[in-house]
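Protein chains in written order, with UniProt numbering: chain A, 1 to 135; chain B, 1 to 135. Worksheet: one structure, shown below.
There are 2 protein chains.
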Amino acid sequence: MLDETDRQIIEELTKNSRIPMKELGEKVHLTGQATASRVIKLEEKGVIEGYTLKTNDKKMGYHVHAFLEIFTKNLHHKPYLSFVASHHAYVIRNYKVSGQGCYLLECKFPTNEELDQFLLELNLYVNYKLTIVIR
Amino acid sequence: MLDETDRQIIEELTKNSRIPMKELGEKVHLTGQATASRVIKLEEKGVIEGYTLKTNDKKMGYHVHAFLEIFTKNLHHKPYLSFVASHHAYVIRNYKVSGQGCYLLECKFPTNEELDQFLLELNLYVNYKLTIVIR
DNA sequence: GATATACACTTGATTTCTGAAAGGATGTAG
DNA sequence: CTACATCCTTTCAGAAATCAAGTGTATATC
Numbered sequence: 001m002l003d004e005t006d007r008q009i010i011e012e013l014t015k016n017s018r019i020p021m022k023e024l025g026e027k028v029h030l031t032g033q034a035t036a037s038r039v040i041k042l043e044e045k046g047v048i049e050g051y052t053l054k055t056n057d058k059k060m061g062y063h064v065h066a067f068l069e070i071f072t073k074n075l076h077h078k079p080y081l082s083f084v085a086s087h088h089a090y091v092i093r094n095y096k097v098s099g100q101g102c103y104l105l106e107c108k109f110p111t112n113e114e115l116d117q118f119l120l121e122l123n124l125y126v127n128y129k130l131t132i133v134i135r
Numbered sequence: 001m002l003d004e005t006d007r008q009i010i011e012e013l014t015k016n017s018r019i020p021m022k023e024l025g026e027k028v029h030l031t032g033q034a035t036a037s038r039v040i041k042l043e044e045k046g047v048i049e050g051y052t053l054k055t056n057d058k059k060m061g062y063h064v065h066a067f068l069e070i071f072t073k074n075l076h077h078k079p080y081l082s083f084v085a086s087h088h089a090y091v092i093r094n095y096k097v098s099g100q101g102c103y104l105l106e107c108k109f110p111t112n113e114e115l116d117q118f119l120l121e122l123n124l125y126v127n128y129k130l131t132i133v134i135r
C-alpha cells in the first residue's frame with residue numbers, strides 16, 4: 001500500500017509540511033509533479049489527514065501542561081463530555097481509554113489559577129487524578 | 001506581544017499550514033506579503049516552531065496507541081532514557097511529570113505482539129502502568 | 001513645531017513554483 | 001501481439017512567493 005518513497009514523503013512533510021513540491025521531489029528522487037501527485041493520492045487515501053503547525057505553548061501564553069486521568073462518578077458520561085467540549089480552549093486531547101480511568105484528558109492552561117478553576121468545575125462531573133508535565 | 005491578527009494567522013495555519021500566503025492574507029485582511037512577513041517574525045520569535053503533518057495512524061500501520069506511566073526502580077534514569085531514545089519508532093512523546101510516576105510515555109505499535117515485546121524490554125529498566133487508547 | 005526614526009503595510013517587478021495536458025516507459029491480462 | 005493501466009517526465013501557462021522600493025503613521029528628539 002505505501003512504498004518506501006511514500007514513507008519518505010511523509011517523513012519529510014512531517015519535518016516541514018511547507019516544503020515546495022519541487023524540493024520535496026529532489027529529496028525522494030522524483031520531479032515536483034510526480035511528488036505532488038503522490039501527495040494528492042496520500043490525501044485521498046486518508047493517510048495524510050492534514051497539515052498543521054507546531055507552536056511554542058509557553059510563548060503562546062500557556063505555562064501549565066497537565067494530564068488528567070478521569071474517573072466518572074456514574075454511568076452517564078455525557079455531562080463530562082459536554083463539559084470537555086465547552087472548554088476546548090484548554091483541552092488538547094480527550095481519549096477514551098482502558099485501564100484505571102475512563103478517559104485521559106490532556107490540557108493546557110495559562111496559569112495555575114485557571115487550572116484550579118477548571119478542576120473545581122470538572123469535579124462536579126467526575127473524579128480525577130492530576131499529572132503535571134515538567135518537561 | 002501577539003496581536004489579534006497574529007492569533008488568527010496561527011489559528012488558520014493550525015487548520016491548514018499549507019495555505020498560500022495570499023489566501024491566508026485574505027482571511028486576516030492583509031496582503032500576502034504583509035502576511036508572509038508576520039509569519040517570518042513569528043518563526044523568528046519562536047512562537048511558530050515548525051510545520052508538520054497529521055497522519056492517520058491506523059492507515060500508517062499503527063493499530064495500538066498506549067500511554068505508560070513510568071516508575072523508575074531506582075535513582076538512575078539514564079538507562080530508561082536511553083532505552084526510550086533507542087525505540088523512537090514506537091515513542092510519540094516522553095514527558096517528565098509530577099504525580100505518581102516519574103514519566104508519562106506515549107507510544108504507538110503496529111500490533112499487540114510488538115507492544116508486548118516492548119513492555120518486556122521496558123520492564124528491565126522500570127515499572128509501569130499501562131493505559132490503552134480506545135478512541 | 002519641525003525633523004528624524006522606526007515600524008508595518010502596499011505596490012510593482014522578477015523569479016519560482018504549481019497544475020494541467022501530452023507523451024514515453026513498464027508491466028499485466030486477454 | 002495488442003490493449004490497457006500505472007507511473008513517470010516534459011512542456012507551458014498561470015499563480016504564488018520573493019525582493020525592492022515607496023507610503024503612511026506613530027513616537028521620540030531637539
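In this text, a Cβ means the ideal position worked out from N, Cα and C, and glycines have one as well.
| query | result |
| --- | --- |
| Please tell me whether residue 40(A) has its Cβ less than 8 Å away from any Cβ of chain B. | no |
| Less than 8 Å separating the beta-carbons of residue 140(B) and residue 28(A)? | This structure leaves residue 140(B) out entirely; chain B is present only between 1 and 135. |
| When you compare the CB positions of residue 79(A) and residue 128(A), do they come within less than 8 Å of one another, or not? | no |
| Below 9 Å on C-beta distance, what does residue 21(A) contact in chain B? | Those within 9 Å of residue 21(A) in chain B number zero; the least Cβ separation is about 10 Å. |
| Return the chain-ordered ranges of every alpha helix (DSSP H) run that is complete within the region 75-125 of chain B and spans a minimum of 4 residues. | 78-85 and 112-122 |
| Taking the alpha helix (DSSP H) that residue 41(A) falls in, what are its first and last residues? | 32-45 |
| Using 8 Å as the Cβ pair cut-off and three pairs as the minimum, do the region 47-58 of chain B and the region 5-16 of chain A touch? | yes |
| Is the beta carbon of residue 69(A) sitting closer than 8 Å to the one on residue 25(A)? | no |
| Using DSSP with H/G/I as helix, E/B as strand and the rest coil, what is residue 2(A)? | coil |
| Measure the alpha-carbon distance for residue 115(B) versus residue 32(A) and round it to whole angstroms. | 38 Å |
| Does chain A have any CB closer than 8 Å to the CB of residue 98(B)? | yes |
| Going by other Cβ atoms of all chains shown within 10 Å of its Cβ, with 16 needed for buried, is residue 111(B) buried or exposed? | exposed |
| What would DSSP say about residue 134(A), mapped onto helix, strand or coil? | coil |
| Would you kindly work out how many angstroms separate the C-alpha atoms of residue 106(A) and residue 90(B), rounded to a whole number? | 20 Å |
| Shorter than 8 Å from the beta carbon of residue 45(A) to some beta carbon of chain B? | yes |
| Rounded to whole angstroms, how far is the Cβ of residue 98(B) from the Cβ of residue 40(A), which I believe are closer than 8 Å? | Going by Cβ atoms, the distance from residue 98(B) to residue 40(A) rounds to 45 Å, so no, they are not a contact pair. |
| State the DSSP-derived secondary structure class of residue 54(B), mapped to helix, strand or coil. | strand |
| Tell me the rounded alpha-carbon separation between residue 103(B) and residue 118(A). | 24 Å |
| Give the single residue among 1(A), 130(A) and 3(A) whose Cα lies nearest to the Cα of residue 67(A). | 130(A) |
| Here's the rule I'm using: 16 or more other beta-carbon atoms within 10 Å means buried, otherwise exposed. How should residue 82(B) be labelled? | exposed |
| Tell me, which residues are paired with residue 127(B) by DSSP? | 71(B) |
| Residue 126(A) CB to nearest chain B CB: under 8 Å? | no |
| Check each candidate in 51(B), 88(B) and 77(B) and name the one with the smallest Cα separation from residue 19(B). | 51(B) |
| Going along chain B, which residues have a C-beta under 7 Å from residue 133(A)? | 95 and 97 |
| Among 42(A), 74(A) and 109(A), which residue has its Cα nearest to the Cα of residue 64(A)? | 109(A) |
| Pull up the distance between the alpha-carbon of residue 8(B) and that of residue 72(B), whole angstroms please. | 43 Å |
| Hey, could you find the ends of the alpha helix (DSSP H) residue 25(B) is sitting in? | 21-28 |
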